[in-house]
Amino acid sequence: MSGDASDNPNRHSRVVHIVRGEPSEEELAALVAVLATPADTAAAEPPAPRGAWADPAHRLRTPVHPGPTAWRNSALPQAGRPQT
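Right under this line is the structure:
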């Protein structure tokens with residue numbers, strides 16, 4: 833099993849790749865701190881459960897399924913519609 837990744841414990845995957853320029857050690861440390869912060873806070877705190885009153889689904893209508901007399905009811909006068 834030569835050439836296996838488990839053979840070389842010093843082999844690391846590249847997390848940050850500098851494309852241009854030569855950043856100082858302090859700049860790299862600041863960059864790593866900024867990149868690592870959101871991952872720590874997101875894993876530490878689960879999102880708070882949302883109350884049912886804030887659920888936008890209550891604003892949605894259920895689908896209308898016409899019944900056997902739907903064609904007859906469509907000809908009847910509707911409330912709020914002027915009759916001609």
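The sequence shown maps to residues 833 to 916 in my numbering. Note that beta-carbon positions come from the ideal geometry of N, C-alpha and C, so glycine has one too. These numbers were taken from a predicted model, which means no experiment stands behind them.
{"Item": "Valine 851 beta carbon less than 8 Å from that of valine 864", "Value": "no"}
{"Item": "Coarse secondary structure for valine 847, derived from DSSP in three states", "Value": "coil"}
{"Item": "Span separating the alpha-carbon of histidine 890 from that of alanine 884", "Value": "9 Å"}
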